[in-house]
Amino acid sequence: MTQSAALVGCNSLCYKMSWFPSNHNVEVFSTFTISSAVSIILPPCVSASLCSSFFVLSPAAQRRSLWHEVIAPPVQPSLSPPVDMGLCDSVRGHRSRGGAAALVAAAGVLLLRLSLAQSVPPPTACPAAAAPGGLTQPEYQKTAKEDGSVGFMASLVQSFLRTVQPNPFPEDLILEIANNLKRQLNQEFTKELLVYEVGFLVCAAIGVLYIVLMPVTGFFLACCRCCGNCGGKMYQKQTPSLNCHRVTLYWTAFVTTVIILAGNICMFKSNEALKVSVEQSQEELNRTVENIQSFLSIVPQQIHYVVNESQGTVQNVSRNLDGIGPQLGNEIQDRFRGTVNPALHSVTMLDRETVNISLELNHLNSSVVQLQSSVNRLQANLTAVKNQINNTFSDPNCMLCKDLQPELQKLTLDTTITVPSLKEFQSAVDELNKTDLKSKIKEVKGFFDSIPPRVTNETKDIVQRTKQLLGNIETQISQVTKDLPLSKFTNVSEILNQLQRDIGRITPEVQRFEHIRWGVCVAVCSVVLLVVVCNFLGLVLGPLGLTPKANPSARSGTSDWGGTFLMIGAGFSFLFSWLFMIAVLLLFLVGGNVFTLLCQPWGDKQLLKFIDTPGLIPELNIGATLGLKSNISISGIYRDCKKNQPLWTTLHLYELINLDDLLNVTKYTDEIKQHFENTDISLSTINLLSPEVKNQLRSFSNKATKIDASAFMQQMNNISRINLNETANKLDQLAVFQTNSDSQNQLRKEARDLRQIQTDIDTIIMPQLENLNSSIQSLGSTAEKINGTIQEVLSNVGAAQDFLNTNTTQIVKTESRTFLDCQLGYFINYVDWANVTITQQVGRCGPVAGAVDSIEIILCSYIVESLNAFWFSLGWCMIFFIPSIIFSIKLSKYYRRMKYSDEYDDHLIMSQIPRAQMKFT
Numbered sequence: 007m008t009q010s011a012a013l014v015g016c017n018s019l020c021y022k023m024s025w026f027p028s029n030h031n032v033e034v035f036s037t038f039t040i041s042s043a044v045s046i047i048l049p050p051c052v053s054a055s056l057c058s059s060f061f062v063l064s065p066a067a068q069r070r071s072l073w074h075e076v077i078a079p080p081v082q083p084s085l086s087p088p089v090d091m092g093l094c095d096s097v098r099g100h101r102s103r104g105g106a107a108a109l110v111a112a113a114g115v116l117l118l119r120l121s122l123a124q125s126v127p128p129p130t131a132c133p134a135a136a137a138p139g140g141l142t143q144p145e146y147q148k149t150a151k152e153d154g155s156v157g158f159m160a161s162l163v164q165s166f167l168r169t170v171q172p173n174p175f176p177e178d179l180i181l182e183i184a185n186n187l188k189r190q191l192n193q194e195f196t197k198e199l200l201v202y203e204v205g206f207l208v209c210a211a212i213g214v215l216y217i218v219l220m221p222v223t224g225f226f227l228a229c230c231r232c233c234g235n236c237g238g239k240m241y242q243k244q245t246p247s248l249n250c251h252r253v254t255l256y257w258t259a260f261v262t263t264v265i266i267l268a269g270n271i272c273m274f275k276s277n278e279a280l281k282v283s284v285e286q287s288q289e290e291l292n293r294t295v296e297n298i299q300s301f302l303s304i305v306p307q308q309i310h311y312v313v314n315e316s317q318g319t320v321q322n323v324s325r326n327l328d329g330i331g332p333q334l335g336n337e338i339q340d341r342f343r344g345t346v347n348p349a350l351h352s353v354t355m356l357d358r359e360t361v362n363i364s365l366e367l368n369h370l371n372s373s374v375v376q377l378q379s380s381v382n383r384l385q386a387n388l389t390a391v392k393n394q395i396n397n398t399f400s401d402p403n404c405m406l407c408k409d410l411q412p413e414l415q416k417l418t419l420d421t422t423i424t425v426p427s428l429k430e431f432q433s434a435v436d437e438l439n440k441t442d443l444k445s446k447i448k449e450v451k452g453f454f455d456s457i458p459p460r461v462t463n464e465t466k467d468i469v470q471r472t473k474q475l476l477g478n479i480e481t482q483i484s485q486v487t488k489d490l491p492l493s494k495f496t497n498v499s500e501i502l503n504q505l506q507r508d509i510g511r512i513t514p515e516v517q518r519f520e521h522i523r524w525g526v527c528v529a530v531c532s533v534v535l536l537v538v539v540c541n542f543l544g545l546v547l548g549p550l551g552l553t554p555k556a557n558p559s560a561r562s563g564t565s566d567w568g569g570t571f572l573m574i575g576a577g578f579s580f581l582f583s584w585l586f587m588i589a590v591l592l593l594f595l596v597g598g599n600v601f602t603l604l605c606q607p608w609g610d611k612q613l614l615k616f617i618d619t620p621g622l623i624p625e626l627n628i629g630a631t632l633g634l635k636s637n638i639s640i641s642g643i644y645r646d647c648k649k650n651q652p653l654w655t656t657l658h659l660y661e662l663i664n665l666d667d668l669l670n671v672t673k674y675t676d677e678i679k680q681h682f683e684n685t686d687i688s689l690s691t692i693n694l695l696s697p698e699v700k701n702q703l704r705s706f707s708n709k710a711t712k713i714d715a716s717a718f719m720q721q722m723n724n725i726s727r728i729n730l731n732e733t734a735n736k737l738d739q740l741a742v743f744q745t746n747s748d749s750q751n752q753l754r755k756e757a758r759d760l761r762q763i764q765t766d767i768d769t770i771i772m773p774q775l776e777n778l779n780s781s782i783q784s785l786g787s788t789a790e791k792i793n794g795t796i797q798e799v800l801s802n803v804g805a806a807q808d809f810l811n812t813n814t815t816q817i818v819k820t821e822s823r824t825f826l827d828c829q830l831g832y833f834i835n836y837v838d839w840a841n842v843t844i845t846q847q848v849g850r851c852g853p854v855a856g857a858v859d860s861i862e863i864i865l866c867s868y869i870v871e872s873l874n875a876f877w878f879s880l881g882w883c884m885i886f887f888i889p890s891i892i893f894s895i896k897l898s899k900y901y902r903r904m905k906y907s908d909e910y911d912d913h914l915i916m917s918q919i920p921r922a923q924m925k926f927t
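Numbers 7 to 927, taken from my numbering, label the letters of the sequence shown in order.
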């Protein structure tokens, strides 16, 4: 029953108590709230004592605190909110008149039993297991990235190549070639291949024509000029348009030379970019391979980490099973504390009050003895004085003494000080002390302290069997490492190691070849630059030394050298252009086809899809290699790895192993549960208080209400009414009438003695009487208090005993089941974590896609683009060599010194050819 249910039970009981004595002004209506009903029916102290335990003692933390307070006798704890003790005492004062004590006791017993005996506290929560750490992810090196300085001509060259080859990727042609490698290709296939390569063939044909015609043309031109033809005769006819022709040829030659210079600059830059690309390729490839190596090595480590975590879970559960006594025993103790602690607390309070009342009773007895001694002493003195007075009155010389003879009868003191009911109360206290409540508390404490060792002893066998099953669980989970093809990662790693060794071995040869290539390309660039320099020297020196109106045969040496440099440039162009065009043609066919057949489809991700074509690479069957039911495509792997997906989904490993079955530990956990269900942890029944002790407590409760101080009060009143001063005054008056001095003196002395005795009564007897009265009142109050404590003890112990008798077996089973579920919950959490980790985190293959992209960048973006840029720049220069030759040869005649002169006297104003002006300082 929960706290609210207990409160409802409390209020339902209070609602029915409308017959409670009228002096409590009880008037209950159904419209009253629950709390007001409790507070109206019972005084605050009673309602608090009855109902507060349902609210104050329920939290587990307060139950533990109260347990320690009861067992280790500390300062007296408070189980209920502060109340007006005066009102409580007032209520106790009414018990004898109204019978409220019996009602309150009955209410307490009923409420406690409703709330405790019929309910079981909720089981404690299972402590959360430490979450496994995250997977260790390697630090991958940065791979190659696009470099704008390397591909500065990429867009231009690619645009040209796409124009040359506008056809899509020839999947069918390549497949036919792959399928007919060992057979002769038929004519139709050859036709299809030529049609596909028609763009390259046209360009190749143009290149071949260039290669053939350039040297032939140069040869015939040289022969023709040697024969004095083709401009070889050193004669220039003077015409009005001479200067106009010279200016036109000058600027066309200049523009052509600038274009060639631009191409030559691109040659130098692309050659240097190709050198840098080749030099960086080794480092980039090594980084890429190392990333793949790291990936291949971390995957088995991650799998083993997940499997090894099962060992940690098994060890954790094994430790908990080894400590099942303290763990399960403490939980069972906690379930009992909520009901047993109030009973133990009330018994402890009763024991303390018993000690207190014994001390008070001893103090009262000592006070009675002391008072009796004082009274006896005064009685003896009073008797002596009385005898003296009697002797004086018997003297014949005492006049009128016979008249005071009756006063002698008043000279008496009650010598017996008794409290009639004290003896019976003393007997009851002695009987209460014989119950030895401290031993009962120790016995209960011993019972609860014995729960953990008892649990340990009675679960010894099941713990051993459970540990064996835990070992089976660990073995089953470790099967994951055997079923997964982790050896394939080792094989691939060995291949990559061999690849790294091969790269390291051929790197010096590649560097040596690259150095030679770079030198040859620099020489080619230098030859082209030589032509450009010759052209620029001719364009500078020619106009610089030219006098427009001078006779052609009288031109200056500077002008003549200008024309000569132009002819030299044309000669070098004829001499080297056809050779360079051969290089352009070869590099164009290689680099162009590599781009269109490899780099372009690779960049479009079309190449990976093509590789997946069945039959293209017969040995390429990843699914069969891994033992899968279905095949896996390279493009699919790349696509998943680009998203950094785990290997579980990328390689379809769920087809290879049934992870749910390997991680299914239900058959073992069910067997463990069955073993625990068959194990009976029996706790011996304990009687918190024996029937004899309860009877003694009830007997004491009855006797504690029978302390009657009225007789003692009567004795006190009798003593307080004694007034010896009146008799002393009469003796003094009688002494006045005496004629005999001896009688007079004797009477006065006896009067003084009486006054002294009265003084002793007032100063000694009366304070002791008052002290004794106070002790009796305190004893009565303590008796009332202990009577209430006894009622609380009987009710709490009864409720706790009912709870133990009713719920002990259920609590043990519930806590055992909770403990087991907690331990098995660790496995459930591990299985869920392992499933998620293996299927979603292990082997995130982003580095694989990164390696593919890196190789593409190294091969295509670095090497192929630099190579294509070089041949494109060289071909650019070779094409513009043709107009350069034409314009240079024609322009040279306008600057060279002629052998034959031609007079022209038309006195026409000629336009001056722009020329360089030299400034002398």
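Yeah, the Cβ is synthetic: ideal placement off N, Cα and C, and Gly gets one too.
All values derive from a computational prediction rather than experimental measurement.
Query, Result
"Proximal residues to L585 (C-beta, below 7 angstroms), its chain only, five neighbours per side dropped", "none"
"S890 vs T254 beta-carbon contact at 8 angstroms", "no"
"Beta carbon of E677 nearer than 8 angstroms to that of S636", "no"
"Assigned exposure category for L695 - 16 Cβ within 10 Å defines buried", "buried"
"Extent of the continuous alpha helix (DSSP H) to which E413 belongs", "It is not in any alpha helix (DSSP H) - E413 carries neither H nor E in the DSSP assignment."
"Residues of its chain near G568, where Cβ-Cβ distance is below 6 angstroms and the 5 sequence neighbours each way are ignored", "G544, L547, G548, Y901"
"Residue environment, H521, which counts as buried when at least 16 other CB atoms sit within 10 Å", "exposed"
"4 or more residues per run - each alpha helix (DSSP H) lying fully within the region 150-235", "160-170, 177-185, 193-202, 204-232"
"Sub-8 angstroms separation of G331 and P458 beta-carbons", "yes"
"CA-to-CA distance, V204 to E194, given in whole angstroms", "15 angstroms"
"Reference T223, options L800, G577, P558, closest by Cα", "G577"
"Exposure label - D328; buried when at least 16 CB within 10 Å", "exposed"
"Beta-carbon proximity of N277 to C605, cut-off 8 angstroms", "no"
"Burial state of R325 (16 or more Cβ within 10 Å)", "exposed"
"Cβ pair T797, S705 closer than 8 angstroms", "Note that residue 797 is Gln in the sequence shown here, rather than Thr. Contact flag unset, no."
"DSSP-derived helix/strand/coil call for H658", "coil"
"Beta-carbon spacing of I771, L384 below 8 angstroms", "yes"
"Helix, strand or coil at V284 [DSSP, three-state]", "helix"
"Separation of S379 from N779, as counted between CA atoms", "17 angstroms"
"Integer Cβ distance of A757 from Q750, believed to fall under 8 angstroms", "About 11 angstroms; that fails the 8 angstroms criterion."
"Inter-residue spacing [alpha-carbon to alpha-carbon] between F38 and V346", "Because F38 carries a pLDDT of 32, less than 50, the predicted location of this residue cannot be relied on, and no value is offered for it."
"Sequence-distant residues of the same chain with beta carbon closer than 7 angstroms to S96, five excluded per side", "Any reading at S96 must be qualified, since the residue scores a pLDDT of 36, below 50, and its modelled position is unreliable; the value itself is stated next. Nothing listed; no residue qualifies."
"Classification of C250 by the beta-carbon crowding that lies within 10 angstroms, buried from 16 upward", "exposed"
"Limits of the unbroken alpha helix (DSSP H) element including D340", "330-400"
"Buried/exposed call for P853, threshold 16 Cβ in 10 Å", "buried"
"Limits of the unbroken alpha helix (DSSP H) element including Q764", "747-766"
"Beta-carbon contacts of A630 that lie in its chain and below 8 angstroms, excluding the five residues immediately before and after", "N637"
"8 angstroms contact criterion, which V486 and L613 should meet: CB distance rounded", "Not really, about 35 angstroms apart at Cβ, beyond 8 angstroms."
"Inter-residue Cα distance where the pair is R727 and Q774", "16 angstroms"
"Reference E449; option with closest CA among V353, W654, L438", "V353"
"Between the CA atoms of I663 and N841 - distance to the nearest angstrom", "12 angstroms"
"S696 beta carbon near the ligand MG (any heavy atom closer than 7 angstroms)", "Of ligands this structure carries none, so the ligand MG is not represented either."
"Coarse secondary structure for L591, derived from DSSP in three states", "helix"
"Simplified DSSP state of S894, which is helix, strand or coil", "helix"
"Reduced DSSP secondary structure (H/G/I, E/B, other) of P491", "coil"
"Best match in T602, G856, Y836 for proximity to S165 [C-alpha to C-alpha]", "T602"
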